Every structure is written in C-alpha cells, then in structure tokens.
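A quick write-up on the structure given underneath.
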Amino acid sequence: MSNPIRKAYVIAIIIIILIAAGGYYWYTTTRKPPAPPPKPIILGTTDKITILDPAKAYDFFTWEIFQNIGEGLLKYKPGTTELEPGLAESYTVSEDGLTYTFKLRKGLKFTDGTPLTADVVKWSIDRQMHLQGDPSWLVTAFVDSVEVIDDYTVAFHLKKAVSYFPALVATVPYFPISPEAWPWDEFKDATVGIGPYKITYWERDVELRLEANPDYYGTPPKSKYFVVKFYKDSSSLRLALEAGEIDIAWRTLLPTDIEDFKKMPDKYNVIEVPGPYIRYIVMRCNQPPFDNVLLRKAIAAAVDRERICRDVFLGTVEPLYSMIPKGMWSHIDAFLDEYGEHNIELARQYLMQAGYNETHKFEIELWYTPTHYGPTEADVAALVKEALEETGMISVELKSAEWATYAAEYIAQGVMPIFLLGWYPDYIDPDDYTTCFLHSEYSPDLGVFYSNPRMDELLEEAMVKKTIEERTPIYE
Numbered sequence: 001m002s003n004p005i006r007k008a009y010v011i012a013i014i015i016i017i018l019i020a021a022g023g024y025y026w027y028t029t030t031r032k033p034p035a036p037p038p039k040p041i042i043l044g045t046t047d048k049i050t051i052l053d054p055a056k057a058y059d060f061f062t063w064e065i066f067q068n069i070g071e072g073l074l075k076y077k078p079g080t081t082e083l084e085p086g087l088a089e090s091y092t093v094s095e096d097g098l099t100y101t102f103k104l105r106k107g108l109k110f111t112d113g114t115p116l117t118a119d120v121v122k123w124s125i126d127r128q129m130h131l132q133g134d135p136s137w138l139v140t141a142f143v144d145s146v147e148v149i150d151d152y153t154v155a156f157h158l159k160k161a162v163s164y165f166p167a168l169v170a171t172v173p174y175f176p177i178s179p180e181a182w183p184w185d186e187f188k189d190a191t192v193g194i195g196p197y198k199i200t201y202w203e204r205d206v207e208l209r210l211e212a213n214p215d216y217y218g219t220p221p222k223s224k225y226f227v228v229k230f231y232k233d234s235s236s237l238r239l240a241l242e243a244g245e246i247d248i249a250w251r252t253l254l255p256t257d258i259e260d261f262k263k264m265p266d267k268y269n270v271i272e273v274p275g276p277y278i279r280y281i282v283m284r285c286n287q288p289p290f291d292n293v294l295l296r297k298a299i300a301a302a303v304d305r306e307r308i309c310r311d312v313f314l315g316t317v318e319p320l321y322s323m324i325p326k327g328m329w330s331h332i333d334a335f336l337d338e339y340g341e342h343n344i345e346l347a348r349q350y351l352m353q354a355g356y357n358e359t360h361k362f363e364i365e366l367w368y369t370p371t372h373y374g375p376t377e378a379d380v381a382a383l384v385k386e387a388l389e390e391t392g393m394i395s396v397e398l399k400s401a402e403w404a405t406y407a408a409e410y411i412a413q414g415v416m417p418i419f420l421l422g423w424y425p426d427y428i429d430p431d432d433y434t435t436c437f438l439h440s441e442y443s444p445d446l447g448v449f450y451s452n453p454r455m456d457e458l459l460e461e462a463m464v465k466k467t468i469e470e471r472t473p474i475y476e
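In terms of my numbering, the sequence shown opens at residue 1 and continues consecutively.
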C-alpha cells in the first residue's frame, strides 16, 4: 500500500524532538511528618502531583504515581509495551468487537479494606463518565455502558469497535477506585489504592512516601520503601543529588547537568532509555496563513531538528521525522523522506510558490510557553526562529505565555496560528500519535484543525483492524 497518512503528516504538524512534560495544581498541609522509613530509595523530581483522583488527573507524573498505587484490569509487563492480566485474570471479546468481558481476580481489596467487585468497576467508570474530568474522553469516546454480569464479571459495551481497547483499559482513567474514598459527584484527593505500593505520607510539593502493599496479589516490589522528594527547579534537584539527599534524580535535570554527571562515572550512573515523549510544532490548518499547504511544507522543510537536539539538549534527545516515535511498530522517517534534513532550498521553493520572496517576506508570530517544558524552551524557540529566517523569506517574532493561558485560552481561541507543544501518549498505540492530531473530530482539541475525509477514513480503518500486520501499512 502507498502511504496516504504519511502525506498528511508533512502538512499538518512537525515533529521536532523527544522529551518529557510536566504538571500543575495546589495543596497545603500542616501535618507533622512521621519518622522516615528504614532504608528507602529516595527519588528527587521537579514534577508535581496534580490531584490524586483518576477522574481529574491528566499529567505524566501523577499517572506514574497511580501506576504504583493502583492498577488496571490489564497492565503492562514492566519495561515492555506488552499487556498482561492485572486486576482481571482474563477477558473475552465479542465477535463484533463491541463487548469486552472481564473476569476479576477474587479476594482483592483496596487499602481501605473495600473489596474489589464488578460493582466497584462499574461505579468507577460511571463516575469517570459522570464527572467529565480532563481524562474522561479516554472513556467517553469509546465506552457506551458498563454491565455487571455477576460479582466478579463485568462487561464493557463500546460505541465502536477499536482494536486497541485493551491498551485503553490499562490507562489510569479505567482504574477501579474505592467508592469509600472518592465521592461520586466531585473531585477529591485520596490516597487509597490497590496496587503494589500504598501511600503512607504525602505533603504536596514536599514529600511522598510509599510502602509495599502487603495485600497486593502480585509480585512484591523489590524495594519495600520508596520516597519521592519534590524540588522547585533543576538547580535544586542537582544540588540534592550532589549532597546525597536523594538516590535518583528524575525529571528533570538540565542537559548540561547530565553532561557533567556523565564525566563522573565513579560517582554517578547516568541511565538513558528510549522514551515515548515527542515535541512538535502546531500550525492551525483551518485559517490563514497556514490553511495554505505550501507554507506548512516550507516550515516542515526548514526546521533544523538536528541542531536543536545537539545545541539545546546536548544529545540527550534525538530528532524525530515521524508522527510515531522510534521503536513503535509502524514508525518510518516520513518527514526525512519527504524533505530531508533542514532543507532550506526546498523551503524557499515552497515560499516562492506561495508568493513570497526576500522583499515580500512571510511574517509570523511563533509562540512557546517558557516554563511548562523546562527552562530550555526559549532556546528551542530561538533555534526554530533562526532556521526559518535562514530562508531569507520568513520573518519570525517570538511570543510566549505561561501554560495556564497558553493551553486553556490561546489554543482554544485560535490566538496562536503556529506554536510549540509536547505530547506524552495516553495509551501505547500508533493511534494515540495520529488520530488526535489528524482526525477532523479530534484535531481541533490540540489546535491543529486538520480536516481531510480520506484521512478520517484511513484512521477509522486502522482502529478496527485486529492485527498489527493489518494496521501497519495504513499508518506507514
């Protein structure tokens, strides 16, 4: 099959680099902390817990906490993208793909003593759909209803058949929660779980303490005690590591910090692994000037991914020339094949076809948010500006706004025709890197507003195909 989706990639959004994202919220406490646990592993981070409610939390770090204190009916084998039974010991799928029936493990209970039953699973999903919190679309877009078959059997009836529904079930919005800990009709922080760890102490933005859950059905975690300490910035995190206050520094040190620690292998172990995070440029496709495909192509050709990775991130990330990250099935270097690396001459050709030249320049405002993605974001924006202006036919003015305004207002209002964003997948499947950006029903949510009936057909076809072998050619 030819690659029709690839052709749309190159005109809708531009993927730049792999990197991580962050979070927000507030809380205060006056509790006196208990004595620290014996011999814990201590992790330091500049991330935040937003809210300990799976109906509201929609950020990377809070989901990481839920993955340790909670669990889905299905879960991922550690270190892989392979699903395995979680709170459900098995499941079946109807022939039409519209009903998934799960058999729950018996005898499980939450840390507040509430038993896990099919009624609890239904209540948890119904609450998610009722409250309509930020992550609720992962449920409401797919689930029509949940049916209790018996005490330990529950069925999900879907609105449409989607082959990746098991991956959705493994996400935090599908986690069963205790009805005794969370109210039905409002969001609330609660520390009750059913996963391998339980929370023993939490002071927001200061410290979180975890202890192995003695009632967890599965393999006990290797470390009985785990402590997370929160730091306001990368400098504080580095100082804590150097002072021996923490054992692990994670999300986020500066690239220069990582380079420094690499030079001291006798004292520090720098561990690098592939990640599913991507950074990208959004161009709003339904309004001038980027309703003109030639201008979108010019931007795509001119951006210098290699230099951003080298000069800003010092090689701690790598260029991405696809919607789908490296290592995931169906990844191909679509942008590289279409444009090459930092192809200024090709960009100039597109600009001239669009009616621009050295005396009649294409003028744009490029937006970024200065802190949400870390202190390097202004440098990323500056290098994008430099690459575009290298054409001699583009003039770029950099503009910025803090995340709350940037995300909640400017994207929705169409204030920013071209801007920088980041993406961490909700579920591990190529669909989560394509449909949300390229399907006409969902692309407005991210400010893309790409609309192409043929693209919609292809994405919907890929949703229902049952095997990777059937789906891969569509994404490629």
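Ideal placement from N, C-alpha and C gives every residue a C-beta, glycine not left out. Here the structure is a predicted model, which means the values were calculated and not measured.
Exercise. So Ile65 and Ile49 are in contact, right, with Cβ under 8 Å, and what is the actual spacing, rounded?
Worked result: Between Ile49 and Ile65 the Cβ distance is about 6 Å, and since that is below 8 Å, they are a contact.
Exercise. On the premise that Tyr427 lies in contact with Ala167, defined as a C-beta separation below 8 Å, what is that separation, rounded to the nearest angstrom?
Worked result: Their Cβ separation, rounded to whole angstroms, is 4 Å, which keeps Ala167 and Tyr427 in contact under 8 Å.
Problem set entry | Cβ-based neighbour list, Leu138, same chain, cut-off 8 Å, excluding 5 preceding and 5 following | Counting only Cβ-Cβ distances below 8 Å, and skipping sequence neighbours, we find Leu168, Thr171, Pro173, Tyr174, Asp426, Tyr427.
Problem set entry | Sequence-distant residues of its chain with Cβ nearer than 6 Å to His342 (five each side left out) | Counting only Cβ-Cβ distances below 6 Å, and skipping sequence neighbours, we find Asp304.
For this session: Output the distance between the C-alpha atoms of Lys297 and Tyr406, rounded to the nearest integer angstrom.
Result: Looking at the two C-alpha atoms, the distance is approximately 25 Å.
Exercise. Excluding the five sequence neighbours on either side, which residues of its own chain have a C-beta within less than 8 Å of the C-beta of Ile118, listed in chain order?
Worked result: Here residue 118 turns out to be Ala, not Ile, going by the sequence shown. Only Leu104, Val148, Ile149, Asp150, Asp151, Tyr152, Thr153, Val154 meet the Cβ criterion.
Exercise. How should Asn213 be labelled, buried or exposed, when 16 other C-beta atoms within 10 angstroms of its C-beta is the threshold for buried?
Worked result: Classification for Asn213: buried.
Exercise. Taking C-alpha atoms, which residue in Lys232, Val192, Met283 lies nearest to Gly374?
Worked result: Among Lys232, Val192, Met283, the Cα nearest to that of Gly374 belongs to Lys232.
Problem set entry | Nearest residue (CA-CA) to Asp337, options Gly97, Ser322, Thr391 | Checking every option, the nearest Cα to that of Asp337 belongs to Ser322.
Problem set entry | Simplified DSSP state of Asp185, which is helix, strand or coil | In the three-state reduction of the DSSP assignment, Asp185 falls in the coil class.
For this session: Report yes if the CB atom of Ala88 is closer than 9 Å to the CB atom of Phe110, and no otherwise.
Result: Contact: no.
For this session: Could you spell out where the alpha helix (DSSP H) holding Ile65 opens and where it closes?
Result: Note, Ile65: alpha helix (DSSP H), 60–69.
For this session: Taking 9 Å as the cut-off, decide whether the C-beta atoms of Phe419 and Val282 are in contact.
Result: Yes, they are a contact pair.
Exercise. Is the Cβ-Cβ distance between Val121 and Pro176 less than 9 Å?
Worked result: Cβ atoms of Val121 and Pro176: closer than 9 Å.
For this session: State yes or no: is the C-beta of Leu98 within less than 9 Å of the C-beta of Gly86?
Result: Pairing Leu98 with Gly86 gives a Cβ-Cβ distance that is not under 9 Å.
Exercise. Cα separation between Pro78 and Arg279?
Worked result: CA-CA distance, Pro78 to Arg279, rounds to 25 Å.
Problem set entry | Cβ-based neighbour list, Val396, same chain, cut-off 7 Å, excluding 5 preceding and 5 following | Non-local C-beta neighbours of Val396 in its own chain, meaning closer than 7 Å and more than five positions away in sequence, comprise Ile364, Leu366, Lys385, Leu388, Glu389, ordered along the chain.
Exercise. Which same chain residues, not among the five before or five after Gly23, have their C-beta less than 8 Å away from its C-beta?
Worked result: Residue confidence for Gly23 is low, a pLDDT of 30 falling below 50, so the modelled location carries little weight; the figure read from the coordinates is stated next. Here the set comprises Asp47, Lys48, Ile49, Thr50, Asp59, Phe60, Phe61, Thr62.
Problem set entry | Leu208 versus Pro453: straight-line alpha-carbon distance, rounded | Their backbone Cα atoms lie some 48 Å apart in a straight line.
Exercise. Just checking my contact of Val162 with Met463 at CB under 8 Å: how many whole Å lie between their CB atoms?
Worked result: By a beta-carbon distance limit of 8 Å, Val162 contacts Met463. Their separation comes to about 5 Å.
Problem set entry | Three-state secondary structure assigned by DSSP to Arg477 | The first residue shown for the chain is 1 and the last is 476, placing residue 477 beyond what the model contains.
For this session: Under the assumption that Phe261 contacts Val270 (Cβ atoms under 8 Å), give the Cβ distance between them as a whole number of angstroms.
Result: Contact holds; Cβ gap of about 5 Å.
Problem set entry | Where Ser145 falls: helix, strand or coil (DSSP) | Reduced to three states, the DSSP call for Ser145 is strand.
For this session: Let me know if Pro417 comes out buried or exposed under the rule of 16 or more other beta-carbons within 10 Å of its beta-carbon.
Result: When all chains shown are included, Pro417 counts as buried.
Exercise. With a Cβ-Cβ cutoff of 9 Å, do Tyr475 and Ser330 count as a contact?
Worked result: The beta carbons of Tyr475 and Ser330 sit closer together than 9 Å.
Problem set entry | Beta-bridge partners of Phe419, as assigned by DSSP | Partner(s): Val282, Trp367.
Exercise. Candidates Arg127, Gly447, Gly392: which alpha carbon is nearest Ala412's?
Worked result: The shortest CA-to-CA distance from Ala412 to any of Arg127, Gly447, Gly392 is the one to Gly447.
Exercise. According to the Cβ coordinates, are Pro38 and Tyr339 closer than 9 Å?
Worked result: The criterion of a C-beta distance shorter than 9 Å is not satisfied by Pro38 and Tyr339.
Exercise. Rounded to whole angstroms, how far is the Cβ of Pro430 from the Cβ of Ile332, which I believe are closer than 8 Å?
Worked result: Going by Cβ atoms, the distance from Pro430 to Ile332 rounds to 11 Å, so no, they are not a contact pair.
Exercise. What do you reckon, are the CB atoms on Thr200 and Thr45 nearer than 9 Å?
Worked result: Cβ distance not < 9 Å, so Thr200 and Thr45 don't count as in contact.
Problem set entry | 9 Å Cβ cutoff met for Ile483 and Ile194 | There is simply no residue 483 to check, as the chain begins at 1 and stops at 476 in what is shown.
For this session: For Tyr368, I'd like the list of residues in its chain whose CB is within less than 6 Å of its CB, leaving aside the five on either flank, ordered along the chain.
Result: Taken in chain order, the residues that qualify are Glu377, Ala381, Ser400, Leu420.
Exercise. According to DSSP, is Pro453 helix, strand or coil?
Worked result: Helix, per DSSP.
Exercise. DSSP state of Leu210, grouped into three classes?
Worked result: In the structure shown, Leu210 sits in a strand (DSSP, three-state: E or B).
Exercise. If you compare alpha carbons, which of Gly133, Gly315, Gln132 is closest to Pro255?
Worked result: Out of Gly133, Gly315, Gln132, Gly315 has the C-alpha closest to the C-alpha of Pro255.
Exercise. Taking Cβ positions, are Asp53 and Asp189 nearer each other than 9 Å?
Worked result: In this structure, Asp189 lies closer than 9 Å to Asp53 by Cβ.
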